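Numbering (my numbering), first residue to last: 762 to 983.
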């Protein structure tokens, strides 16, 4: 065999070996699955930056426990708000309309703010009449009021929410009002919920003819 032919044969043979080795390596790589990797043997340092992306992670395969402490802390800080206190009453007769709120309002219940902090307080009042409203009672404005417990020497506490209905019409008409307030307290605080109402002439017409159903919630936001 000539020298030229010998060199050609050697080059072809070498190329064949490289081709087989490359093919074998590719096949082997495709055949390695999670079952071939022992738990705990692959760490962050074994994975090059930017080699794993969102599409490489199966939905639901990572949980809160898989995150580092910094990520956990950030998520916990943004976890949302919590219901701190609430009150839902049955329909309650508003005993008095007109006169002094401090002495004539009807107490419906109490919502407790359990600790110092900032709260969003939502108060919703649903009002109805026991009998059709006659002409001489039309025009009353019904009230839902949220007040803290009065301090010594005071007639009423701090306003944590107040809403009024529009003027009550003649006949049988349901009415509502709603108040949303953000408040900050420096200690556990009791919020008393009241039902009341006023007449344009400051009289007491309509006393005992209206009911209020209250739904109050306090969300701690800070």
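Note that beta-carbon positions come from the ideal geometry of N, C-alpha and C, so glycine has one too. Computed from a prediction, not measured in an experiment: that's the story for all the values here.
Cβ neighbours of residue i in the same chain (closer than 6 Å, five flanking residues each side left out)
i           : result
residue 945 : 879
Rounded separation between residue i and residue j - CA only
i           : j           : result
residue 887 : residue 915 : 29 Å
residue 911 : residue 968 : 25 Å
residue 943 : residue 797 : 57 Å
residue 906 : residue 924 : 7 Å
residue 829 : residue 979 : 33 Å
residue 847 : residue 808 : 51 Å
residue 950 : residue 926 : 27 Å
residue 819 : residue 812 : 15 Å
residue 896 : residue 974 : 24 Å
residue 954 : residue 859 : 18 Å
residue 919 : residue 964 : 26 Å
Counted within 10 angstroms of its Cβ, other Cβ atoms place residue i as buried (16 or more) or exposed
i           : result
residue 884 : buried
residue 983 : exposed
residue 882 : buried
residue 894 : buried
Sequence-distant residues of its chain with Cβ nearer than 7 Å to residue i (five each side left out)
i           : result
residue 891 : 970, 972
residue 962 : none
residue 849 : 976
residue 842 : 980, 981, 982
Residue range of the unbroken beta strand (DSSP E) whose run includes residue i
i            : result
residue 1052 : Because the chain here runs from 762 to 983, residue 1052 falls outside it and cannot be looked at.
Endpoints, alpha helix (DSSP H) assigned at residue i
i           : result
residue 863 : 862-865
### Task
Spell out a yes or no on whether the stretch 919-936 and the stretch 842-856 are touching, meaning 3 or more CB-CB pairs, one atom from each, closer than 8 Å.
no
### Three CB pairs or more closer than 8 Å across the stretch 885-904 and the stretch 949-966
Here the stretch 885-904 makes contact with the stretch 949-966; the two share three or more CB pairs at distances below 8 Å.
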